[in-house]
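Take a look at the structure set out below.
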Amino acid sequence: MLISGGVGCYCHTSLKPEVSSVNGSGTKILIVDDEESLRSLIEIYLSNNNYEVISASNGREALEKIDRDKPEIIVSDIMMPEMDGYELLGILKGSAEYSDIPVIMLTSMDEDMDKIHGLSAGADDYMTKPFNMEELLLRIEKLLFLKRRIAGAEYRFTESQKLLDLTKEELLKAHKQLKKIMLESLEGLVTALEARDKYTRGHSERVAAYAGGIAREMNLDNIDTIIIAARLHDIGKIGVRDNILYKGEKLTKEEKAIIEAHPVKGAEIIGKISFLRDIVPAVKYHHERYDGTGFPEGLRGDEIPLAAKIIAVADTFDAITTDRPYRKGLDFDHALNELQGNAGTQFDPVVIEYFLKILNTK
Ligand SMILES: [Fe+2]
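Counting along the sequence shown from 1, when you hit position 250 you're at 951 in the working numbering, and nothing is skipped either side.
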């Protein structure tokens, strides 16, 4: 039996299991229709099926009820006084807050073009009067079922995303920790290497401090990289035998060649560690000279990476201000004079200028 709307029965018994599992259970539903008797019939039927029914006689009243009662689904007529169903639909689907509420148009406008217009305007379903109440209920429950399934999927997606973010965060933390341990191990190697000789003890730490100071004064954006490079600049000496490395007297030609291979050896060691690749050029070229007479490649001027030129100044300053087996360390002023005297030949004059600036301001 049809409702013109007329209705055949006031309860439903033949829903598919997945849809019937939706069940009214207090779900709020808004019925918008200017025909009071029809609203009452739908209200009785849906209330019998455990829905909490709210009703409104036109679009304007419906908006007030939506704001106040937040229904989960709306069944709306089209032709109504004050505000018709299309205007109501337009406001709802254009609103961030209410666009997710499913809307079923229930109308006597039954031409194909009417249906196309209604569905194109954003209606989630379109039923024409006269209608069967059980069919209306089925359509309501199908839409609610879909809405909840989408909400469930969105929830699961958000939760998975959170879990993924957490895992990513943990991984980043572990990676950072691993880098720190790796760096500390390498620094430990250099410290152990230098500690075997009283003249070189603490050398790399001091070079890192001076190089970091110059980099800061020059306002560079890779200060940390330069400090790490300075800390590890002589790591290539690890493969050099003690009797050559700490020989007090003049080195033979072969011994000199072995010592002078340490920047390249160091670059090879560092180059194998992916997160330290940035410092390879600084390690490899820290014995180049500004005038092109250094080693390993005889680079000159701006061919030499800036980080390497900074380390060269810091390295030499520490070497000449600390005692060596064959001479006492120079005092501060003499060391500065020596650096200045070699600006433009051994050292980049710009780097020297910045180094003098920080020393003079201390
Ligand atoms: Fe060196």
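Yeah, the Cβ is synthetic: ideal placement off N, Cα and C, and Gly gets one too.
At a threshold of 7 Å, does residue i count as lining ligand 1 (C-beta to nearest heavy atom)?
{"i": "His-987", "result": "yes"}
{"i": "Asp-979", "result": "no"}
{"i": "Asp-935", "result": "yes"}
{"i": "Pro-964", "result": "yes"}
{"i": "Asp-1034", "result": "no"}
{"i": "Asp-1016", "result": "yes"}
Straight-line CA distance for residue i to residue j?
{"i": "Leu-839", "j": "Leu-873", "result": "50 Å"}
{"i": "Pro-831", "j": "Gln-862", "result": "47 Å"}
{"i": "Pro-1006", "j": "Gly-1045", "result": "15 Å"}
{"i": "Asp-770", "j": "Lys-729", "result": "8 Å"}
{"i": "Asn-1061", "j": "Glu-1054", "result": "10 Å"}
{"i": "Tyr-827", "j": "Arg-857", "result": "30 Å"}
{"i": "Ile-882", "j": "Gly-995", "result": "34 Å"}
Excluding sequence positions up to five away, which residues of its chain have a Cβ less than 8 Å from the Cβ of residue i?
{"i": "Arg-740", "result": "Ile-732, Asp-734, Ser-756, Ser-758"}
{"i": "Asp-1032", "result": "Thr-1022"}
{"i": "Asp-992", "result": "Arg-1001, Gly-1045, Thr-1046, Gln-1047"}
{"i": "Ala-824", "result": "Leu-790, Val-804, Ile-805, Met-806"}
{"i": "Ser-886", "result": "none"}
Is the beta carbon of residue i sitting closer than 8 Å to the one on residue j?
{"i": "Ile-1011", "j": "Ile-915", "result": "yes"}
{"i": "Arg-936", "j": "Ile-970", "result": "Reading off the sequence, residue 936 comes out as Ile, not Arg. Yes, the pair counts as a contact, with Cβ atoms nearer than the cut-off."}
{"i": "Ile-805", "j": "Ile-841", "result": "yes"}
{"i": "Leu-890", "j": "Ile-939", "result": "yes"}
{"i": "Gly-819", "j": "Glu-788", "result": "no"}
{"i": "Glu-961", "j": "Ile-945", "result": "no"}
{"i": "His-904", "j": "His-987", "result": "no"}
{"i": "Ala-958", "j": "Lys-985", "result": "no"}
{"i": "Phe-976", "j": "Lys-880", "result": "yes"}
Near residue i, what residues of its chain come up, given a Cβ to Cβ distance below 7 Å and the 5 sequence neighbours on each side ignored?
{"i": "Tyr-799", "result": "Ile-767, Leu-793"}
Residue i by DSSP, collapsed to three states: which one?
{"i": "Asp-1097", "result": "A question about residue 1097 goes unanswered here, because the residues of the chain that appear run from 702 up to 1063."}
{"i": "Ser-777", "result": "strand"}
{"i": "Ala-763", "result": "helix"}
{"i": "Glu-719", "result": "Annotation note: pLDDT 46 at Glu-719 (below 50); position unreliable, coordinate value reported separately. Note: Glu-719 maps to helix in three-state DSSP."}
{"i": "Val-941", "result": "coil"}
{"i": "Arg-1001", "result": "coil"}
{"i": "Phe-996", "result": "coil"}
{"i": "Arg-1025", "result": "strand"}
{"i": "Lys-877", "result": "helix"}
{"i": "Met-834", "result": "helix"}
{"i": "Thr-808", "result": "strand"}
Please work out which residues of its chain come closer than 6 Å, Cβ to Cβ, to residue i, disregarding the five sequence neighbours upstream and downstream, and give them in chain order.
{"i": "Glu-773", "result": "Thr-728, Lys-729"}
Does the beta carbon of residue i fall short of 7 Å from some heavy atom of ligand 3?
{"i": "Lys-899", "result": "Only ligand 1 can be found as ligands here, which leaves ligand 3 out of the picture."}
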